[in-house]
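J.: If you're matching them up, the sequences are chains A and B in order. Anchor point for the first sequence: position 27 equals 638 in this note's numbering, and the numbering is continuous, going up by one each time. Anchor point for the second sequence: position 20 equals 14 in this note's numbering, and the numbering is continuous, going up by one each time.
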Amino acid sequence: GNSVTQMEGPVTLSEEAFLTINCTYTATGYPSLFWYVQYPGEGLQLLLKATKADDKGSNKGFEATYRKETTSFHLEKGSVQVSDSAVYFCALSDLQGGSEKLVFGKGTKLTVNP
Amino acid sequence: DTEVTQTPKHLVMGMTNKKSLKCEQHMGHRAMYWYKQKAKKPPELMFVYSYEKLSINESVPSRFSPECPNSSLLNLHLHALQPEDSALYLCASSLDTSRETQYFGPGTRLLVL
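1) Mind the definition here: the segment 661 to 668 of chain A touches the segment 711 to 722 of chain A only if three or more C-beta pairs lie below 8 Å; say whether that holds.
2) Please report how far the alpha carbon of residue 13/B lies from the alpha carbon of residue 625/A, in whole angstroms.
3) What residues of chain B sit near residue 669/A, judged by a beta carbon separation below 8 Å?
4) Identify every residue that forms a DSSP beta bridge with residue 42/B.
5) Can you tell me whether residue 640/A is buried or exposed? The criterion is at least 16 other CB atoms within 10 Å of its CB, across all chains shown.
6) Output the distance between the C-alpha atoms of residue 710/A and residue 49/B, rounded to the nearest integer angstrom.
7) Looking at chain B, is there any beta carbon in it that lies within less than 8 Å of the beta carbon of residue 700/A?
8) Looking at residue 689/A and residue 668/A, is the spacing between their C-beta atoms short of 8 Å?
9) Measuring alpha carbon to alpha carbon, tell me which of 46/B, 55/B, 54/B ends up nearest residue 61/B.
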C-alpha cells in the first residue's frame, strides 16, 4: 500500500538556521502531497501542498517540491524562528473505496532555540 | 474561512459513561472525518462521511458510533470506553473525498478513567 517515510526526530536548531525535513513516499499513481504542522496542544494545520510532479508548495517561508523521480517532498525553510517549534507531518492522499484517505508519516518534532 | 470547530475541548469520562463529541464546519464541505491521535503518533483515520453517508469505517470498535445529522455537523458518540481510548480526537472536513485538502479542527482531548 501507499506509505510515507519521514526523517526521525527530534530536530533541534538555533534561530535563523536552515531547516530540512526529509520525506519520501511510496505510491501507485500520482497522489497529492501535504505538509501539516501541529503546535503543542493543538490540532493539525495545513502548511502547504502539491498536487502534481514538479509543483512547489510554499507558505510562511516553508517550501517543498513534488519530486516524482526521487519520490520525495522534502520540507525546507531558510531561516527558522522560535515560533516554528512544532511537530511536522508529511502526508499523501490515498484513494481507497472511492474516498481519499490521508496517509501520514510518523512526524518530526522541531525545536528552535533562541 | 477554513474553520472546523470541535466541542468540548477536554472531556473526562468513566468507563460506564455515555458522551458525545461534536464537530461543525460551515465551509460547504461534503466530506467529514474522525481521527484518533495518541501522544507522539500521527493521526489514525477512524471514519469518513461523504455527503452525509458513512463511506469508510476503519474497523473501529462499536463503542465508537459516528453520526452525521447534516452536511455541517459530525458527532462521535462514546459508550463503555476503555482507558486505552484516551487520546486526542480530531475532526476534519474537505470539499469532497476526491483529492481535496482536509482541514482539521483543534481536537477534543479525551481521558477515560
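Think of the CB as a built atom: it goes at the ideal place given N, C-alpha and C, for glycine as much as any other residue. The structure displayed is predicted, hence computed values, not measured ones.
T.: Judging by the given coordinates:
1) Three or more Cβ pairs closer than 8 Å define a contact, and the segment 661 to 668 of chain A falls short of that threshold against the segment 711 to 722 of chain A.
2) CA-CA distance, residue 13/B to residue 625/A, rounds to 44 Å.
3) Residues of chain B with a Cβ closer than 8 Å to the Cβ of residue 669/A do not exist; the shortest Cβ-Cβ separation is about 15 Å.
4) According to DSSP, residue 42/B shares a beta bridge with 27/B, 50/B.
5) With fewer than 16 Cβ atoms within 10 Å of its Cβ, residue 640/A is classed as exposed.
6) Between residue 710/A and residue 49/B, the C-alpha separation is close to 7 Å.
7) Residue contact check for residue 700/A against chain B: a CB pair falls below 8 Å.
8) The answer is no: Cβ separation not under 8 Å.
9) Among 46/B, 55/B, 54/B, the Cα nearest to that of residue 61/B belongs to 46/B.
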